[in-house]
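Colleague:
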Amino acid sequence: MAKLVLHADRLFPADKTTRDIARALYAHVKDLPIISSHGHTDPSWFANNELFPNPSELLLTPDHYIFRMLYSQGIPLEKLGMQPDGDPVCKVETNPREAWRRLAENYHLFAGTPSRMWLDWVFSEVFALDVSLEADSSDLYFDTMAEKLQTDAFRPRALFERFNIERIATTEDPLDPLVHHKKLQDDGWGDKVVTTFRPDNVLDPEYIGFADNLETLGKITNCDTGSYQGYLNALRHRRAFFKTMGATATDHGHVSAFTFVLTVHEAEALYGRVSAGTSTGEDAELFRGHMLMEMAKMSIDDGLVMQIHPGVHRSHNPDVRARFGLDKGADIPMQTNYVDALQPLLNTYGNHPDFSLIVFTLDETSYSRELAPLAGHYPAMKLGPPWWFNDSPEGMRRFREQTTETAGFYNTVGFNDDTRAFLSIPARHDVARRMDCGFLAKLVAEHRMNETEAFTIAHDLSYTLAKKAYKF
Amino acid sequence: MAKLVLHADRLFPADKTTRDIARALYAHVKDLPIISSHGHTDPSWFANNELFPNPSELLLTPDHYIFRMLYSQGIPLEKLGMQPDGDPVCKVETNPREAWRRLAENYHLFAGTPSRMWLDWVFSEVFALDVSLEADSSDLYFDTMAEKLQTDAFRPRALFERFNIERIATTEDPLDPLVHHKKLQDDGWGDKVVTTFRPDNVLDPEYIGFADNLETLGKITNCDTGSYQGYLNALRHRRAFFKTMGATATDHGHVSAFTFVLTVHEAEALYGRVSAGTSTGEDAELFRGHMLMEMAKMSIDDGLVMQIHPGVHRSHNPDVRARFGLDKGADIPMQTNYVDALQPLLNTYGNHPDFSLIVFTLDETSYSRELAPLAGHYPAMKLGPPWWFNDSPEGMRRFREQTTETAGFYNTVGFNDDTRAFLSIPARHDVARRMDCGFLAKLVAEHRMNETEAFTIAHDLSYTLAKKAYKF
Amino acid sequence: MAKLVLHADRLFPADKTTRDIARALYAHVKDLPIISSHGHTDPSWFANNELFPNPSELLLTPDHYIFRMLYSQGIPLEKLGMQPDGDPVCKVETNPREAWRRLAENYHLFAGTPSRMWLDWVFSEVFALDVSLEADSSDLYFDTMAEKLQTDAFRPRALFERFNIERIATTEDPLDPLVHHKKLQDDGWGDKVVTTFRPDNVLDPEYIGFADNLETLGKITNCDTGSYQGYLNALRHRRAFFKTMGATATDHGHVSAFTFVLTVHEAEALYGRVSAGTSTGEDAELFRGHMLMEMAKMSIDDGLVMQIHPGVHRSHNPDVRARFGLDKGADIPMQTNYVDALQPLLNTYGNHPDFSLIVFTLDETSYSRELAPLAGHYPAMKLGPPWWFNDSPEGMRRFREQTTETAGFYNTVGFNDDTRAFLSIPARHDVARRMDCGFLAKLVAEHRMNETEAFTIAHDLSYTLAKKAYKF
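Encoded structure:
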């Protein structure tokens, strides 16, 4: 079996001069606490602090980065232990040890991908494994990890401390009662785990269950969501409640970045149609566009930072959607316009000193053409880090190369891990810190920046910017 | 006259550590046989094994990469020996030696282009020339090459063996009788030279001569192409015939990647219009989109791998088109959508274990945004290599940098030379191998991959993946 | 206070072999005269040769690269000494020394941007400052620069000579009487400072004041701009007049690259509507598209080189526009199509030996996909250098990497500084020369080009190509 070694210089440029600078910069930031300002971990983990289940249920079946790659090479999801609605394509693997073997046998598929780097880090640093994952080491891996997962040192809170996480934000929708966050507060963990307000399911008329969601929203807030003003009030109530559970930000995952100004009368009439379920597709887009305006206005009032994450064609594969549900590795990025789409929002609120907007993209063509110029002008707007498919060494490099010259470093907001894979969080932040140090090292080696500045910026990118941008 | 030297380290990264790794990887793959799985060489060359004509007719006038660059700098095509329809702009050069001199005098225009690298390889490796091409060496070049071209060692089959080609695929349309491939089979060369089924001229209602083509298609298959079902049967017949001549793949060069599901009744009615010549432009697009669906269905039945090559505005310059015909260096890439365009096809057949689809692009913006995510999910889909304008060192580098992190290496299919320039085939594969080894070397030098894996992947990219993807 | 040092190797690749080649190439071109073929300096500076005002009015308030970055971080433009129309957001800073302090205190925002590199060059090379700009050195900077600006050595003509500028082109609109250029001719500076014909304000019906501009155009040319033919004649007159003031080129900054062929009758009718102010938005686009065709035709007649600079959403922020006017750092690039947009123009004139067209983009996705293939085919078309937001080290690198393999070096036109920041012109050309030498050095180090060729090309990119393309 091949050895598993995480090289101390991984991800640093090969050129010796540049690498030496990168090493020095990295030494300066590697032990900084983790600010996990945007992510999707399950708050019940930290609230209840129960043992994690077996390795497959922890690392394989919840991680769409992993199983989509196996699926793309012809391995049915059933073989990984995932249970479909309706008839399975083949026998469902019920033994997590055998599901794990599928990954082990096909681990070569991940060569050159960030998933490979994150997993190797988890194997080596979290579980102290010292051989590579392959068919021959599959059982060793499964046994070693399964055993450790039964120990207290591998409970969520112990790992949280071990990972040196200062604060983590989870993401919940407005209907969520946030009971886990309440428990965390009661346990004195309220500063460590906070929520984020993600209202897509009550802002997007095309969201499945939208009508029911409006009704529930009314009930839990005692607001009359039958009227537009009642609906806005209900949203204000929930934003305030989320703030009591530590929220400092909202997050919006609409299909596009479209924003639109409606008069109150137009908005009321449109709300009448969307809440009655009689709206057209065009109505839905107008409503989403208008509600981003309302969210911005509420952000100015209550101070929540607004995040926009557009441009994904969700569940592109209806067969997988029908059988396995959402988030099954079939979400595909789309071309995304910002310069026109965000103009109504930026024109109305983009100069306001109390507004803070963080914009993400999966369409890298917008980095140098639209996003860096917009963030390099509007006081309210900052650039989110490379996201999802671009949350990778080359993706991070392209982000810095294509945004820095126009927007600088200080119109960016540090790294987001954006993950539900809790064990990989330190690995992801480590990749970002290494890549940023490598980028800065190149600027220093090419005499485009002096070393003193590079040290300050490395610290800011690793820690300060995220804290400040997310008001942590 | 300057020396012509092909440096042993050409195209490898300059950093010494990285270069040493690249050298080792390249040594491991450089002598592997060539799998030329997609190209446009003339099968009559290999069937008849006749001597090639003079250097200009072999290397200059058939190669649109070369003459378009000269044309772009104001050199009329007539001066290169190309004969226009209608009045020439200037006296047509009838002496191939003088046409060659035009290239020699302007060879500096190709600095930094892949054509320069391919030609230098041909000059040095095939013709053993050891001075650079320039005005002063023009006659030496012409004489040396002309003389060698008259020898048996420069006949097509001798060069084929010398080039270490294991198998080459040519491309023919369904009306082609494939007589050259028959002769090749009779001569025991049937495994070495195979055809590819390229049915654009009978699938695209806007193809010049479409109506006549349908009629011919009917005649040669004894199917009634007056009816839609007869037309489909005729296509099935020809696919089966192409298979007997070694075909393992189809190829589709529609203007877009648009696919569309029609009912049988809709398809029959639409076929009625397009075959009667009464269709609109919208009809034509619908028909092309529908027929890609039918081709996919037939691929599942007969096992031919399906290739889609969209996104070219052909013959952008009507003056050159009218005077010199198609393929005269005026084909310009266009923005190309895949995420929506391919959804009908992928939703219907993308999960099928017997379907294999290879998708190409000239719009590099789709690499990280659409194509890698799609190939990283759908089992049927693989990514074709960088193509045409992107079949170049920087194009190859961008391809790997922008697709690997999401799709990995194993959702790609090795290199395609896609060329009619037979003599340059080894040079093109050599550039691809060198660039892939350089890319892998960087991953190794930056400790993003271990060396053992890199050796395996280098071999797979150079040889195994193409054989497997094309069922060679 | 930190030292300010411009390192001799700045911007060169860090790899030692490559850097040594870059140094040698740069030594060969660094002292070549500057050809400033496209820019926006004020001709009155050179005509009147008066002293420049204080540092803030020279370097801060006219440079939208600088103040937009400060604005993006929440610093009101009023604090930089800019006077709004209407009520200011805060007290307007009237002391230029205090405005300068804002820049000094926030100079870290520019880390990694080209503005930082250009300013440092100006501070070090023009003003001989040897400490970095920061809060503590703000007064030293202001005093040192203010004092020197009062000396004859810092008058415009003295700096022009010191900067080794061979010729500079300014940009004026057709209504400009060019009195400064006349004075320059009278003073024997007519070869040194020439104008460029920029007719947007009389070609674009949506330009503010268009109707008045047509009337003025008629008056100053004695042509009847009430008729379409009179309007064309007026344009011909002004082009001829601009030629007498040294113009060798026109420049067109329409919102898109759209071109369109109208018949004379259609054009006359359309002109009737646009000149009467009764045109629609569609009319305006058609008229702009048609007038680019007419401009091309006139270029063939009078020999002026035609430049097209499309794709900017001007004044994206209406609040800043209303209070501070145009060119206030809120111009945002847009996705821009060339393959369809330019086809009418290129089909009609692109093969003409007397036509010369230089095309620019802010949409880098078009480099490899559309612009390099078009320039690599049409004899009339050349690629302008990386422009505006892309006029930066990484932008220049991407330009060469994405255009050279298809268009070569000789379908490009050297560097444009495109600036109104006179003092930064040598710094900008120096960055371009360094980046081009670094790019060539990489090709040499990777044995993709021999060193002899690289020296020739470095010289051509730094000097010869611009002279030739702009007929200087």
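Residue numbers (the numbering used here), protein chains in the order written: chain A, 1 to 472; chain B, 1 to 472; chain C, 1 to 472.
Cβ atoms here follow ideal geometry from the backbone N, Cα and C, with glycine treated the same way.
What does a CB cutoff of less than 7 Å around R239 (chain B) pick up in its chain, not counting 5 residues either side in sequence?
Modeller: Cβ neighbours of R239 (chain B) beyond the five flanking positions: F197, M298, D302 and L304.
Colleague: Please report the residue range of the alpha helix (DSSP H) in which S137 (chain C) lies.
Modeller: Here S137 (chain C) belongs to no alpha helix (DSSP H), and DSSP marks it neither H nor E.
Colleague: When you compare each of C:H447, C:A47, C:Y463 and C:A407 to A432 (chain C) by their alpha carbons, which one comes out closest?
Modeller: Of the listed residues, the one whose Cα sits closest to A432 (chain C) is C:Y463.
Colleague: In three-state terms, what does DSSP make of M69 (chain C)?
Modeller: Of the three classes helix, strand and coil, the one that applies to M69 (chain C) here is helix, per DSSP.
Colleague: Let me confirm a value: T452 (chain B) is counted as buried when at least 16 other C-beta atoms fall within 10 Å, else exposed. Which label applies?
Modeller: Classification of T452 (chain B): exposed, given that the 10 Å Cβ count is below 16.
Colleague: Taking 8 Å as the threshold (C-beta atoms), are I358 (chain A) and G384 (chain A) in contact?
Modeller: Yes, these two residues count as a Cβ contact at 8 Å.
Colleague: For D251 (chain A), which beta-bridge partners are listed by DSSP?
Modeller: Answer by DSSP bridge pairing, in chain order: A:Q307.
Colleague: Can you look up R433 (chain B) in the DSSP assignment and give me helix, strand or coil?
Modeller: The answer is helix: DSSP assigns R433 (chain B) an H, G or I state.
Colleague: Taking contact to mean at least 3 C-beta pairs separated by less than 8 Å, is the segment 152 to 159 of chain B in contact with the segment 44 to 59 of chain B?
Modeller: Yes: at least three Cβ pairs fall under 8 Å.
Colleague: Please report the straight-line C-alpha distance between M381 (chain A) and G350 (chain A), rounded to a whole angstrom.
Modeller: Each residue's alpha carbon lies about 7 Å from the other.
Colleague: For S279 (chain B) and A169 (chain B), which I take to be in contact (beta-carbon distance under 8 Å), what is that distance rounded to the nearest angstrom?
Modeller: Their Cβ separation, rounded to whole angstroms, is 32 Å, which puts S279 (chain B) and A169 (chain B) out of contact at 8 Å.
Colleague: So which residues of chain C does N317 (chain B) contact, with C-beta pairs closer than 8 Å?
Modeller: In chain order: L346, N347, G350, N351, H377 and Y378.
Colleague: Applying the criterion that 16 or more other CB atoms from any shown protein chain within 10 Å of the CB defines a buried residue, is H7 (chain A) buried or exposed?
Modeller: Answer is exposed; the Cβ neighbour count stays below 16.
Colleague: Ignoring anything shorter than 4 residues, give me the alpha helix (DSSP H) runs that lie fully in the segment 405 to 458 of chain B, in order along the chain.
Modeller: Runs found: 425 to 445.
Colleague: Determine the chain C residues that contact P373 (chain A) at a beta-carbon separation under 7 Å, and present them in chain order.
Modeller: Within chain C, the residues near P373 (chain A) are I332, P333 and F389.
Colleague: Here's a check: name, in chain order, each residue in its chain whose Cβ is nearer than 8 Å to the Cβ of S75 (chain B), leaving out the five neighbours to either side.
Modeller: At residue 75 (chain B) the sequence reads Ile, which differs from the Ser that was named. Cβ neighbours of I75 (chain B) beyond the five flanking positions: R102 and N106.
Colleague: Please report the distance separating the alpha-carbon of M475 (chain B) from that of M295 (chain B).
Modeller: The structure shown does not extend to residue 475 (chain B), since chain B spans only 1 to 472, so no value can be given for it.
Colleague: Residues of chain C with CB under 7 Å from G408 (chain A), in chain order?
Modeller: Neighbours of G408 (chain A) on chain C, chain order: M69, L109, F110, A111, G112 and T113.
Colleague: Put E206 (chain A) into one of helix, strand or coil per three-state DSSP.
Modeller: Reduced to three states, the DSSP call for E206 (chain A) is coil.
Colleague: Establish whether the CB of H447 (chain C) and some CB of chain B are separated by less than 8 Å.
Modeller: Closer than 8 Å: yes.
Colleague: Under 7 Å Cβ to Cβ from L80 (chain B), same chain only, skipping five residues before and after it: list those, please.
Modeller: Cβ neighbours of L80 (chain B) beyond the five flanking positions: L60, T61, F67, L70, E93, A99 and R102.
Colleague: Using a beta-carbon distance below 8 Å, is S368 (chain C) in contact with chain B?
Modeller: With 8 Å as the cut-off, S368 (chain C) counts as an interface residue toward chain B.
Colleague: Cβ atoms of F399 (chain C) and P386 (chain C): under 8 Å apart, would you say?
Modeller: Result yes, Cβ atoms of P386 (chain C) and F399 (chain C) sit closer than 8 Å.
Colleague: Considering only the beta carbon of each residue, do V202 (chain A) and L184 (chain A) sit closer than 8 Å?
Modeller: No.
Colleague: Is the segment 309 to 321 of chain C close to the segment 216 to 236 of chain C, with three or more CB pairs under 8 Å?
Modeller: Too few Cβ pairs lie closer than 8 Å, so no.
Colleague: What's the gap between the Cα of E370 (chain C) and the Cα of N48 (chain A)?
Modeller: Roughly 57 Å between the two C-alpha positions.
Colleague: Of all the CB atoms in chain C, is at least one closer than 8 Å to the CB of E294 (chain A)?
Modeller: No, because no Cβ of chain C sits closer than 8 Å to the Cβ of E294 (chain A).
Colleague: Helix, strand or coil: which one does DSSP assign to A169 (chain A)?
Modeller: Note: A169 (chain A) maps to strand in three-state DSSP.
Colleague: In chain order, what residues of the same chain have a beta carbon less than 7 Å from the beta carbon of I300 (chain B), not counting five sequence neighbours either side?
Modeller: Same-chain partners within the cutoff: Y349, H352, D354 and F355.
Colleague: Give me, in chain order, the residues of the same chain whose beta-carbon lies closer than 6 Å to that of H254 (chain C); leave out the 5 immediate sequence neighbours on both sides.
Modeller: R288 and P310.
Colleague: On a CA-only basis, which of B:D204, B:T248, B:N317 and B:E364 is nearest H290 (chain B)? Give me that one, please.
Modeller: For H290 (chain B), the nearest C-alpha among the options comes from B:D204.
Colleague: Can the beta-carbon of M245 (chain B) be found closer than 8 Å to that of T195 (chain B)?
Modeller: Yes, the pair counts as a contact, with Cβ atoms nearer than the cut-off.
Colleague: Measuring CB to CB, does E57 (chain C) end up less than 8 Å from P96 (chain C)?
Modeller: For E57 (chain C) and P96 (chain C), yes; Cβs fall inside 8 Å.
Colleague: How many angstroms separate the CA atom of R162 (chain B) from the CA atom of M82 (chain B)?
Modeller: Roughly 31 Å separates the two Cα atoms.
Colleague: Just how far apart, CA to CA, sit G230 (chain B) and D283 (chain B)?
Modeller: If you take the alpha carbons of G230 (chain B) and D283 (chain B), they lie about 20 Å apart.
Colleague: Any idea what DSSP makes of S115 (chain A), helix, strand or coil?
Modeller: In this structure, S115 (chain A) counts as helix in the three-state DSSP scheme.
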